[in-house]
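Residue numbers (our numbering): 165 to 456.
1) Please tell me whether residue 269 and residue 315 are closer than 8 Å, where the distance is taken between their beta carbons.
2) Which residues mark the beginning and the end of the alpha helix (DSSP H) in which residue 343 is found?
3) Taking just the CA atoms, how far does residue 313 sit from residue 340?
4) When the distance is taken between beta carbons, is residue 187 closer than 8 Å to residue 262?
5) Please tell me whether residue 234 and residue 294 are closer than 8 Å, where the distance is taken between their beta carbons.
6) Which ranges would you report for the beta strand (DSSP E) in the region 246 to 315 if only whole runs of at least 3 residues count?
7) Would you kindly work out how many angstroms separate the C-alpha atoms of residue 335 and residue 324, rounded to a whole number?
8) Among 182, 199, 301 and 209, which residue has its Cα nearest to the Cα of residue 231?
9) Can you tell which of 413, 327 and 239 has the C-alpha that lies nearest to the C-alpha of residue 342?
10) Applying the criterion that 16 or more other CB atoms from any shown protein chain within 10 Å of the CB defines a buried residue, is residue 238 buried or exposed?
11) In three-state DSSP terms, what is residue 208?
12) Answer yes or no: do residue 400 and residue 417 have a C-beta to C-beta separation smaller than 8 Å?
13) Can you check whether the CB of residue 236 is closer than 8 Å to the CB of residue 201?
14) Where DSSP assigns a beta bridge to residue 215, which residues make up the other side?
15) Evaluate contact between the region 279 to 289 and the region 317 to 331, counting only Cβ atoms and requiring at least three cross-stretch pairs below 8 Å.
16) For residue 424 and residue 254, what's the separation of their Cα atoms in angstroms?
17) With 16 as the cutoff for other CB atoms within 10 Å, does residue 375 come out buried or exposed?
18) Given this structure, state the Cα-to-Cα distance separating residue 275 from residue 266, to the nearest angstrom.
19) If you reduce the DSSP assignment to three classes, tell me which class residue 357 lands in.
20) With respect to the beta strand (DSSP E) encompassing residue 362, which residues constitute its N-terminal and C-terminal limits?
21) Hey, could you find the ends of the beta strand (DSSP E) residue 189 is sitting in?
22) Keeping to the same chain, check which residues put their C-beta closer than 6 Å to that of residue 217; ignore five residues upstream and five downstream.
23) Just verifying my parser: in three-state terms, what is the DSSP assignment at residue 244?
24) Can you tell me whether DSSP reads residue 437 as helix, strand or coil?
25) Using beta-carbon positions only, say whether residue 248 and residue 302 come within less than 8 Å of one another.
26) Identify every residue that forms a DSSP beta bridge with residue 200.
27) Hey, quick one: how far does the beta strand (DSSP E) through residue 324 stretch, first residue to last?
28) What residue range does the beta strand (DSSP E) around residue 417 cover?
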């Protein structure tokens, strides 16, 4: 393999060719995953839409045309490896791996149960690790490829009242940025997607310890207090593909993400003060649970 430019070896952002022939998108049956799969298919990529809901994944794939819908539990490392192997065998390679599947877990620390921590760690972090471990060796051997891991604005800033979620998303950012530097010498790119709050079904499926079913649905309203205008999945997909094309290490999406990330980086004292106000507000708006 010829020597790579210094910028590539250091993992520095550069605009480059982006034309994935074969892509896998986990969590691809709805929300951000579906929007990214749609965008990729429109650009000519054969997309493997992988999701826990096989029927929905197949419906999405049918609508995309050049796509395949499959069932995938991202917490099953062997199943993820098998999917990557099968994709390479059927289509001759893997150009883009989008590790997007995730769950939302919210609530104050005292309201959370161990099950919420276990779920977030298994899906949000373990699922990404499994996807990376399956796809990266294949791409390294091929000498090309791009991995996109979906994190969140909560992975870039201090985000109270959602500790399991923000913990796993910070971990995904750390994994992505560190692997990016390692992978540059093999001509494999790694990016991490960090949108603000997105208008997806995930907002209505937040796993919140200590809250009754009816109280969970109110989380969407509470989130809109923090970010009145939710981002659409299609907007996130546009920014994601543009970020991949530009080979950006971190792809923040939305005005809130751009501003708050930079605020916390360059004016940390102001960022911490605003976060403290957010935490105080969370104690007022998050429904409280008292044992009967």
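The beta-carbon is built from N, C-alpha and C at its ideal position, and this holds for glycine as well.
So, from the listed chains and residues:
1) no
2) 327 to 347
3) 7 Å
4) yes
5) no
6) 260 to 263 and 310 to 314
7) 16 Å
8) 209
9) 413
10) buried
11) coil
12) yes
13) no
14) 235
15) yes
16) 43 Å
17) Confidence is the limiting factor: at residue 375 the pLDDT is only 49, short of 50, which leaves the residue's position unreliable and the question unanswerable from this model.
18) 21 Å
19) strand
20) Counting along the chain, residue 362 falls outside any beta strand (DSSP E), and DSSP gives it neither H nor E.
21) 186 to 190
22) 193
23) helix
24) helix
25) yes
26) Residue 200 is not bridged to any residue.
27) Run containing residue 324: none; DSSP gives neither H nor E here.
28) 414 to 417
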